[in-house]
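Participant:
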Amino acid sequence: MKIPFTAPCGALLLLSLAGCSDDGGIAVPADIGERPGTLIADMAEGDLRTTLQACRPGPFRRTAFSISHRGAPLEYPEHTRESYLAAARQGAGIIECDVTFTGDRALVCRHAQCDLHTTTNILRTPLAERCREPFTPADPASGTKAAARCCTSDITLAEFRTLCGRHDAADASATSVADYLATPTRRSDSSACPALMTHAESIALFDELGVGMTPELKAPEVPMPFQGDYRQTDYASQMIAEYTAAGIDPARVWPQSFNLGDVEYWLEAHPPFGRQAVYLDGRVDGDDFAAADPQRLSPSMTELAQRGVNIIAPPLWVLITLEDGRIVPSAYARAARAAGLDIVAWTLERSGSLADGGGYYYRSVADAISREGDVYTVLDVLARDVGVIGVFSDWPATVTYYANCMDL
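Counting from 9, one number per residue, gives the positions in the sequence shown under this note's numbering.
1) For the alpha helix (DSSP H) containing residue 311, list its first residue and its last residue.
2) Within 10 angstroms of its Cβ, does residue 223 collect 16 or more other Cβ (buried), or is it exposed?
3) Tell me the DSSP bridge mates of residue 408?
4) With DSSP run on the structure shown, which of helix, strand or coil describes residue 368?
5) Quick one: what does DSSP say residue 69 is sitting in, helix, strand or coil?
6) Rounded to the nearest angstrom, what separates residue 42 and residue 36 at their Cα positions?
7) Alpha carbon to alpha carbon, what distance is there between residue 87 and residue 203?
8) Can you list, in chain order, the residues of its chain with a C-beta nearer than 7 Å to that of residue 185? Leave out the 5 residues immediately preceding and following it.
9) Quick check on DSSP: helix, strand or coil for residue 45?
10) Taking Cβ positions, are residue 140 and residue 113 nearer each other than 8 Å?
11) Quick check: the stretch 391 to 402 against the stretch 344 to 362, are there 3 or more CB pairs under 8 Å?
12) Under the rule that 16 or more other beta-carbon atoms within 10 Å means buried, what is residue 290, buried or exposed?
13) Do residue 248 and residue 211 have their C-beta atoms closer together than 8 Å?
14) What first and last residue would you give for the beta strand (DSSP E) that runs through residue 400?
15) Among 209, 168, 148, 169, whose alpha-carbon lies nearest the alpha-carbon of residue 181?
16) Name the one or two DSSP bridge partners that residue 201 has.
17) Can you grab the Cα-Cα spacing for the pair residue 126 / residue 85, in whole Å?
18) Using 10 angstroms around the beta-carbon of residue 109, count the other beta-carbons present and answer buried if the total reaches 16, otherwise exposed.
19) With distances taken between CB atoms, is the gap from residue 40 to residue 68 smaller than 8 Å?
20) Check residue 413 in the structure and name its three-state DSSP category.
21) Counting only the same chain and skipping the five closest in sequence on each side, list residues whose C-beta sits under 8 Å from that of residue 281.
22) Is residue 102 near residue 220, with beta carbons less than 8 Å apart?
23) Residue 324 and residue 341 - do their beta-carbons sit closer together than 8 Å?
24) List the endpoints of the continuous alpha helix (DSSP H) containing residue 248.
25) Taking its Cβ as the centre, do 16 or more other Cβ atoms sit within 10 Å of residue 265, making it buried, or is it exposed?
26) Evaluate the contact criterion for the stretch 331 to 348 versus the stretch 298 to 305: three or more CB pairs, one atom per stretch, below 8 Å.
27) When you compare only the Cα positions, how much space is there between residue 292 and residue 387?
28) With distances taken from CA atoms, which of 414, 163, 82, 243 is nearest residue 134?
29) In whole angstroms, what is the alpha-carbon distance linking residue 254 and residue 217?
30) Thinking C-alpha only, which one of 395, 334, 276, 321 is nearest residue 77?
31) Should residue 406 be labelled buried (16 or more other beta-carbon atoms within 10 Å of its own) or exposed?
32) Where in the stretch 144 to 213 do unbroken runs of the beta strand (DSSP E), each at least 3 residues long, occur, reported from the N-terminal end onward?
33) How long is the line joining the alpha carbons of residue 95 and residue 175, rounded to whole angstroms?
34) Cutting at 6 Å between CB atoms, please list the residues of its own chain near residue 214, excluding the five before and the five after it.
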């Protein structure tokens, strides 16, 4: 099953490279900004750089190949309204809301249930008293690091709405809350109080923007069933129910989970959504061998397809490897394609400097990575050789530029 790159035109502008057909539809322009050009200028000389440079004049349009990872968190606080709007401006055709729940079982957009202490200002508010682990300052004498743990399930939806988003960072050597929450200088807050979003609010915003939606059901960090009777299936069903209540066509929604059981539940209980569900494959994390020898994964690619899974999404390093110094598709990628699975890659522009090997997301090809412009070399292999149908990025404009230039 393919993510549609064309869609019905009219009130809903599902985003496509080609725009809508000549029956009166409109293609949505994208503002790709300066970063793609900067990356291209940093590339090694060659055909790919020449091709990408030739596309500089544009025009650029939104594309479903460009998937927003938590908004545009390279600059804007993740899962905030500001971050989502930036992603849409940059041409992301699909935008992600990571879904978790509050103490009164309302669904909200957060990367993890227990990340409020680093992604919001909760420690600066009276709600800090509600955190399951209050702020503890660092103690250099004992080697103790500064720490806190604040969860959405510690507070109500009304209380969640009072918080402001911030960049996900904390100083483990801090002896005060102010120092612990110091924002990295390389990123600036987009407003005085970046707005947090509920899942339902994200649906309304994405619908208004005309983008596709890819909610990820996050693993609960509290014992389930929560409060005695809120089970995993209730949680998984509630997420889907909010799209149905909003009147969203299932064709615009790609539910995600690292829990294969969630995907199988959606296939059984909500098949129109389940058919587009994305299995986020975390089985290979930290295991290089699984990418080289995917038959050792259980269930196998063939078994996943037989169970009804249509889309698999591993970290991008799993999909590529080195062969005679060249970046090529991995055995994992070839096995997934052979089983008929579509592939989505995550996450471009997420880890360390490519000049230093790229960190986690480029670990399988670090010896071939030497400059920031190599992000386009990797993206080119993922698109043309691996054959991914979409790529998550922390700065969607980078992928939008490439997808437009290559007329995917």
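Just so it is clear, CB atoms sit at the ideal spot from N, CA and C, and this is done for glycine as well.
Facilitator: Judging by the given coordinates:
1) 309 to 314 is the span of the alpha helix (DSSP H), which, as asked, contains residue 311.
2) Buried is the call here.
3) In the DSSP output, where bridge partners are listed per residue, residue 408 has none listed.
4) Residue 368 sits in a helix when the DSSP states are folded into three classes.
5) DSSP, read as helix, strand or coil, puts residue 69 in strand.
6) Approximately 19 Å, taken between the alpha carbons.
7) Cα to Cα, the separation comes out at about 9 Å.
8) Counting only Cβ-Cβ distances below 7 Å, and skipping sequence neighbours, we find 131, 132, 143.
9) The answer is helix: DSSP assigns residue 45 an H, G or I state.
10) No, they are not a contact pair.
11) Using a C-beta cut-off of 8 Å, the stretch 391 to 402 makes contact with the stretch 344 to 362, since at least three inter-stretch Cβ pairs fall below that distance.
12) By the neighbour-count rule (16 or more Cβ atoms within 10 Å), residue 290 is not buried but exposed.
13) Against a cut-off of 8 Å, the Cβ pair of residue 211 and residue 248 comes out as no contact.
14) Annotation: the continuous beta strand (DSSP E) that includes residue 400 extends over 398 to 401.
15) Check the Cα spacing between residue 181 and each of 209, 168, 148, 169: the tightest is with 148.
16) Residue 201 is not bridged to any residue.
17) So the alpha carbons of these two residues sit roughly 11 Å apart.
18) Classification for residue 109: buried.
19) Yes, these two residues count as a Cβ contact at 8 Å.
20) In the three-state DSSP reduction, residue 413 falls in the helix class (H, G or I).
21) Only 248, 251, 258, 261, 263, 274 meet the Cβ criterion.
22) Contact: yes.
23) In this structure, residue 341 keeps its C-beta atom at 8 Å or more from the C-beta atom of residue 324.
24) Looking at the DSSP string, the run of the alpha helix (DSSP H) that includes residue 248 is 240 to 253.
25) Its Cβ being crowded by 16 or more others within 10 Å, residue 265 is buried.
26) Yes: at least three Cβ pairs fall under 8 Å.
27) For residue 292 and residue 387, the distance between alpha carbons rounds to 20 Å.
28) Looking at the Cα atoms, 163 is the closest of the given residues.
29) Cα to Cα, the separation comes out at about 14 Å.
30) Nearest of 395, 334, 276, 321 to residue 77, Cα basis: 321.
31) Result: buried.
32) You should have 155 to 157.
33) Taking the CA atoms as reference points, residue 95 sits about 16 Å from residue 175.
34) Counting only Cβ-Cβ distances below 6 Å, and skipping sequence neighbours, we find 103, 221.
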